[in-house]
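Counting in our numbering, the sequence shown runs from -17 upward without gaps.
Note sheet for the following structure.
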Amino acid sequence: MKKIIKEKETHQSLLRNLRIRAEKVADKKNLKEQPTVAEEFKPRTSRSTQKMMEGDLLKLIHELQVHQIELEMQNDELLSTKQNIELLLKKYTRLYEFSPIGHFILNSNFTIQECNLTGSKILNSGRHHLIHRKFTSFISDATLPLFHSFVSNLFTTDRKSSCEIILSLPQLPARWVYIEGICEKSEEAEIDEHRPPIYLLALLDISERKRVEQEKGELQSQLLM
């Protein structure tokens, strides 16, 4: 309720500011082009009544001018906002798609809802083949319990967490990945605890690091023999 009231007050404040700006523009225009009432529109009445009616008509003309300027300003602002949104969309699309990190959105059943280009490369599959597939189907049996423990921790703590798992991909050697994620619960979930959450995961291929660690460990073992 407070949020709605605040949004309404903000909207009213924006309209007031727009009105003030439009009136300033209208006043500047009127200094150059003073509005006059055409003879055919002047009523045939007494001079005092005529002046009053002309004054009312001039006020109406001024009000229409201000309203027209308000509409023009709103249109300019909408066009500017649209252009800014399009630029931001292109910018963040590039950042999302070509990030060195794979991004995934999973539903409560760990089904892939969305992923970026890097994510599809990590799983060695086209994005259209990944959507609606179980993310767990790519995890090795040995590290699957680690993943389940990881997502359970995300759900219960509402905090960012991480783990390392092995991906089991067809015709490829085992691939180690570092996963960091959060569990996002909708506002409706605060009311309905049965509302399913979604999981936002970031994956980084650490296979090379693991290979180096393994070789280092083997070398140390040989030196100790």
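Note that beta-carbon positions come from the ideal geometry of N, C-alpha and C, so glycine has one too.
Expressed to the nearest angstrom, what Euclidean distance is found between the alpha-carbon atoms of THR139 and LYS72?
34 Å
Output the residue ranges of the beta strand (DSSP E) runs that lie fully inside the stretch 144 to 171 and measure 3 residues or longer, sorted by chain position.
157 to 166
Is LEU13 buried or exposed, if buried means 16 or more other CB atoms sit within 10 Å of its CB?
Because the pLDDT at LEU13 is just 43, under 50, the model does not fix this residue reliably, and the value given afterwards should be weighed accordingly. So LEU13 ends up on the exposed side.
Put PHE120 into one of helix, strand or coil per three-state DSSP.
Correct three-state label for PHE120: helix.
On the three-state DSSP scale, how would you describe ASP140?
coil
Between the Cα of ILE104 and the Cα atoms of MET207, ASP58, ALA156, which residue gives the shortest distance?
Selected option, being the one with the closest Cα: ALA156.
Is ALA124 buried or exposed, if buried means 16 or more other CB atoms sit within 10 Å of its CB?
exposed
The alpha helix (DSSP H) enclosing HIS110, as first and last residue numbers
It spans 109 to 112 - the alpha helix (DSSP H) in which HIS110 sits, taken as one unbroken run.
Is LEU201 closer than 8 Å to ILE83 when the C-beta atoms are compared?
no
Given this structure, state the Cα-to-Cα distance separating ASN98 from TYR181, to the nearest angstrom.
15 Å
For PHE210, name the three-state secondary structure that DSSP assigns.
Since the displayed the chain opens at -17 and closes at 207, residue 210 lies outside it and no answer follows.
Does the ligand HEM have even one heavy atom less than 7 Å from the beta-carbon of LEU154?
Among the components modelled here there is no ligand, and therefore nothing to report on the ligand HEM.
Exposed or buried, what is GLY108 when buried is set at 16 or more other beta-carbons lying within 10 Å of its beta-carbon?
When all chains shown are included, GLY108 counts as exposed.
Of the choices GLU96, GLU146, THR118, whose alpha-carbon is the least far from that of HIS110?
GLU96
State the start and end residues of the unbroken beta strand (DSSP E) segment that holds ILE180.
180 to 187
Quick check for students: name the residue ranges of the alpha helix (DSSP H) that lie wholly in the stretch 40 to 78, counting only runs of 4 or more.
none
Around the Cβ of THR100, are there at least 16 other Cβ atoms within 10 angstroms (buried) or fewer (exposed)?
buried
Report the rounded CA-to-CA distance for VAL133 versus CYS165, giving the unit in angstroms.
8 Å
Is it true that the CB of PRO178 sits closer than 8 Å to the CB of ASN66?
For ASN66 and PRO178, no; Cβs fall outside 8 Å.
Determine the direct distance from the alpha carbon of GLU162 to that of SER81, and round the result to whole angstroms.
15 Å
Nearest-angstrom Cα distance between THR75 and SER102?
15 Å
In the structure shown, what three-state DSSP assignment does THR125 receive?
coil
Rounding to the nearest angstrom, what Cα-Cα distance links PHE129 and CYS145 in this structure?
When rounded, the distance between both Cα atoms is 7 Å.
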